[in-house]
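**Student:** Numbering (the working numbering), first residue to last: 1 to 417.
C-beta: ideal position from N, C-alpha, C; glycine also.
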Amino acid sequence: MKKVLSGMRPTGKLHLGHYFGVLKNWLELQEKHDCKFFIADWHALTNKYKETDELKENIRQMIIDWLSCGIDPEKATLFIQSGVKEHAELALLFSMITPKSWLELNPSYKDLKFNLYYQYLRDFLAGKQVKINQTPPPESFDEALEKATGKQKNKIFEEYLREAFHRAFYNKKGIDFKWLKEVLIKLGLQKKIVEEAVKNLEEGDVGKDIDTLGFLAYPVLQAADILIYKAEAVPVGEDQLPHIELTREIARRFNNLYDQIFPEPEAMLTEESKLPGIDGRKMSKSYNNAIYLSDDTETVNKKVMEMKTDPQRVRKTDPGNPEVCIVFEYHQLFTDRQTISDIDTKCRKAEIGCVECKKILAENINRFLDPIRERRKEIEKDLPKYEKVFQDGTEKARAIASDTMMEVRKAMKLWEF
Ligand code: TRP
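1) The beta strand (DSSP E) with M8 in it runs from where to where?
2) Would you check if the distance between the CB atom of G17 and the CB atom of L275 is smaller than 8 Å?
3) May I ask you to verify whether the stretch 328 to 341 touches the stretch 360 to 380, counting CB pairs closer than 8 Å and requiring at least 3?
4) What are the partner residues of N133, as DSSP defines its beta bridges?
5) What residue does the alpha helix (DSSP H) around T394 start on, and which one ends it?
6) Grouping DSSP H, G and I as helix and E and B as strand, with all else coil, what is C347?
7) Excluding sequence positions up to five away, which residues of its chain have a Cβ less than 6 Å from the Cβ of L92?
8) Under three-state DSSP, which class holds H33?
9) Which residues in the same chain as R419 place their Cβ atom closer than 6 Å to its Cβ, once the five residues preceding and following it in sequence are excluded?
10) How many Å lie between Y469 and D342 at the Cα?
11) How about Q222: is its Cβ closer than 7 Å to a heavy atom in the ligand TRP?
12) Quick one: does the C-beta of L5 sit closer than 7 Å to a heavy atom of the ligand TRP?
13) Should the stretch 55 to 72 be called in touch with the stretch 13 to 32, which here means at least 3 C-beta pairs below 8 Å?
14) Assuming I80 is part of the beta strand (DSSP E), what are its boundary residues?
15) Could you give the C-beta distance for L103 and L221, rounded to a whole number, given that I count them as a contact under 8 Å?
16) Expressed to the nearest angstrom, what Euclidean distance is found between the alpha-carbon atoms of I360 and D53?
17) Are there three or more Cβ pairs, one per stretch, closer than 8 Å when the stretch 399 to 413 is compared with the stretch 80 to 95?
18) If you compare alpha carbons, which of E271, A223 and T247 is closest to E238?
19) Can you tell me whether DSSP reads V236 as helix, strand or coil?
20) According to DSSP, is P319 helix, strand or coil?
21) For K316, which residues of its own chain have a beta-carbon under 6 Å away from its beta-carbon, when the five flanking residues on both sides are left out?
22) Considering only C-alpha positions, which residue in the set K413, Q391, V236 and S402 is nearest to W26?
23) How about V236: is its Cβ closer than 7 Å to a heavy atom in the ligand TRP?
24) Can you look up L14 in the DSSP assignment and give me helix, strand or coil?
25) In this structure, how does DSSP classify F20 when only helix, strand and coil are distinguished?
26) Is Q129 near the ligand TRP, going by C-beta to nearest heavy atom under 7 Å?
27) What is the C-beta distance between L5 and A231, in whole angstroms, given that I count them as a contact (C-beta under 8 Å)?
28) How close, in whole Å, do the beta carbons of F390 and L180 come, if the pair is a contact with beta carbons under 8 Å?
29) For a quick check, are the C-beta atoms of P242 and P107 less than 8 Å apart?
30) Let me check understanding here. Comparing Cα to Cα, which of R122, N256, Y19 and N47 lies closest to K113?
31) In three-state DSSP terms, what is L269?
32) Are three or more beta carbon pairs between the stretch 307 to 321 and the stretch 380 to 397 nearer than 8 Å?
33) Do you know offhand how far K381's Cα is from D392's?
34) Please state whether DSSP places K56 in a helix, a strand or coil.
35) Note the first and the last residue of the continuous alpha helix (DSSP H) segment covering W42.
36) For the ligand TRP, is there any heavy atom lying closer than 7 Å to the beta carbon of H15?
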């Protein structure tokens, strides 16, 4: 039995990728360990401090999503970060002992910055009527670049755009805007638009949005979240590993400077969800390819019918290859072994068509979602009752956090309140 803690930023409703990537793991952990799961609403502010209109609603959605999936307040402590002010106090004290360079060198800081810049670039171009094709391109970026004529098309594959920006961004000298401009023009975008976009990136407020103390100190707050409960294990995805490493370093530094209070927590690496979006790319809200836990039956049916299948299989009479089919990948999670093996054989012999195969899948996804939908209905009928569950959890968490803070003040020889 370990002390386990994890958090999620409330960025909107959760999809199947979140379920198979995170929640399923939490459901198992809550059976075996002393778990705390919290909604990291302060962390959501680090880059979304302007968009607070949706914050409360997103927190509510998260409460509903977690509870309807079976995250159980009888088994785990569920709470909201901003309700435990002690996190902020500990983060402040940690900020006194954390060298700035630890934060600036943190790879996830760079990645977040990348995403923000990239999102801006993409949205800007889309706003200028540049057509951003989201289907995977037929050839590699390098091949495309080689063949590019520079002729204006104002069309670009999203993958090329991302790759170009990636290369310009992860570059030892800082962001290579000049190269980016040249490449985008060469790939067919209008010179004027590209120049304006890049100029905004270079001089505008995109960077400023995250050029804040809060954003830089994101991992310090995260360290406080974890250490204040003396958590021993933190289930997270790979992208979070640098944050956990930093948490360990902060714990070590504190323990050396003052007193041995904090254990060094281990990351419990959760395997990333293998479930792609309906177009085959990573499932994500921004790609518009997600199936949400809150989708109704009709929506699921529709999305499954839109799923990409084996591109070589044009007619129903063509034999298919399940190994390259997204629908088949989904079947692995939602369909029983016998049916999967049937579909496998029949697809290869063109004895089952994609529509029929999709119907089976849609039915199975719906069967999986039905109990979650049922619970969702119950919860929505009396939301205050379930918000209260988080309120109670927050109080439980606060009692522990407050004890740790007393130890911390004592160790640091601060005034003891
Ligand atoms: N940074 C995490 C994420 O974006 C969320 C988070 C905040 C977290 N505090 C945490 C995760 C503490 C684990 C432990 O996914």
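**Tutor:** According to the data block:
1) The count along the sequence shown starts at 1 and reaches residue 8 at position 8. Taken as a continuous stretch (DSSP letters only), the beta strand (DSSP E) holding M8 covers K3 to M8.
2) Position 17 of the sequence shown, counted from the first residue, corresponds to residue 17. Position 275 of the sequence shown, counted from the first residue, corresponds to residue 275. The Cβ atoms of G17 and L275 sit closer than 8 Å to each other.
3) In short, these stretches touch, since the Cβ pair count reaches three.
4) To locate residue 133, count along the sequence shown from 1; it is residue 133. Note: N133 sits in a beta bridge opposite F157.
5) One-based indexing of the sequence shown puts residue 394 at position 394. Counting along the chain, the alpha helix (DSSP H) containing T394 begins and ends at L383 to A411.
6) Counting from one through the sequence shown, the residue named residue 347 turns up at place 347. C347 falls in the helix class under three-state DSSP.
7) The residue you call residue 92 lines up with position 92 of the sequence shown. Annotation for L92: no residue places its beta carbon closer than 6 Å to its own, counting only its chain and skipping 5 residues before and after.
8) Your numbering for residue 33 matches position 33 in the sequence shown. Reduced to three states, the DSSP call for H33 is coil.
9) This structure does not reach residue 419, given that the chain is present from 1 up to 417, and the question cannot be answered.
10) In the structure as shown, the chain starts at 1 and stops at 417, and residue 469 therefore has no counterpart that could be examined.
11) As a working note, residue 222 is residue 222 in the sequence shown. Yes; taking the cut-off as 7 Å, the Cβ of Q222 has a heavy atom of the ligand TRP nearer than that.
12) Position 5 of the sequence shown holds residue 5. Taking the Cβ of L5 as the reference point, at least one heavy atom of the ligand TRP falls within a distance shorter than 7 Å.
13) Result yes; three or more Cβ-Cβ pairs closer than 8 Å.
14) Reading the sequence shown from its first residue, position 80 is the one you call residue 80. Looking at the DSSP string, the run of the beta strand (DSSP E) that includes I80 is A76 to I80.
15) For the purposes of this step, residue 103 is identified with residue 103 of the sequence shown, where counting begins at 1. For the purposes of this step, residue 221 is identified with residue 221 of the sequence shown, where counting begins at 1. Contact between L103 and L221 is absent: CB atoms are separated by about 11 Å, not below the 8 Å threshold.
16) Taking the sequence shown and counting its residues from 1, the one referred to as residue 360 is at position 360. Taking the sequence shown and counting its residues from 1, the one referred to as residue 53 is at position 53. Approximately 40 Å between the Cα atoms of the pair.
17) At 8 Å Cβ cutoff, the stretches touch.
18) The residue you call residue 238 lines up with position 238 of the sequence shown. Of E271, A223 and T247, the residue nearest in Cα terms is E271.
19) Mapped onto the sequence shown, residue 236 falls at position 236. Strand, per DSSP.
20) For the purposes of this step, residue 319 is taken as residue 319 along the sequence shown, with counting starting at 1. Reduced to three states, the DSSP call for P319 is coil.
21) Working through the sequence shown from its first residue, we reach residue 316 at position 316. Within the same chain, and ignoring the five residues on either side of K316 in sequence, the residues whose Cβ sits closer than 6 Å to its Cβ are G353.
22) In the sequence shown, residue 26 corresponds to position 26, counting from 1. Measuring from the Cα of W26, the nearest candidate turns out to be V236.
23) For the purposes of this step, residue 236 is taken as residue 236 along the sequence shown, with counting starting at 1. Look at V236: its beta carbon is less than 7 Å from one of the heavy atoms in the ligand TRP.
24) As a working mapping, residue 14 is identified with position 14 in the sequence shown. The answer is coil: DSSP assigns L14 none of H, G, I, E or B.
25) Here the question's residue 20 lines up with position 20 in the sequence shown. Looking at F20 - three-state DSSP - the assignment turns out to be helix.
26) Within the sequence shown, residue 129 is the residue found at index 129, counting from 1. Between the ligand TRP and Q129, a heavy atom-to-CB distance of less than 7 Å is absent.
27) On the sequence shown, position 5 is the one that residue 5 refers to. On the sequence shown, position 231 is the one that residue 231 refers to. 4 Å between Cβ atoms; contact.
28) The count along the sequence shown starts at 1 and reaches residue 390 at position 390. The count along the sequence shown starts at 1 and reaches residue 180 at position 180. About 44 Å; that fails the 8 Å criterion.
29) Taking the sequence shown and counting its residues from 1, the one referred to as residue 242 is at position 242. Taking the sequence shown and counting its residues from 1, the one referred to as residue 107 is at position 107. For P242 and P107, yes; Cβs fall inside 8 Å.
30) In the sequence shown, the residue the question calls residue 113 occupies position 113. Answer by Cα proximity: N47.
31) Within the sequence shown, numbered from 1, the residue matching residue 269 stands at position 269. Looking at L269 - three-state DSSP - the assignment turns out to be strand.
32) Three or more Cβ pairs closer than 8 Å define a contact, and the stretch 307 to 321 falls short of that threshold against the stretch 380 to 397.
33) Here the question's residue 381 lines up with position 381 in the sequence shown. Here the question's residue 392 lines up with position 392 in the sequence shown. One C-alpha to the other measures close to 20 Å.
34) The residue you call residue 56 lines up with position 56 of the sequence shown. Helix, per DSSP.
35) If you number the sequence shown from 1, residue 42 lands on position 42. Run containing W42: D41 to K48, per the alpha helix (DSSP H) assignment.
36) On the sequence shown, position 15 is the one that residue 15 refers to. Result no, Cβ not under 7 Å from the ligand TRP.
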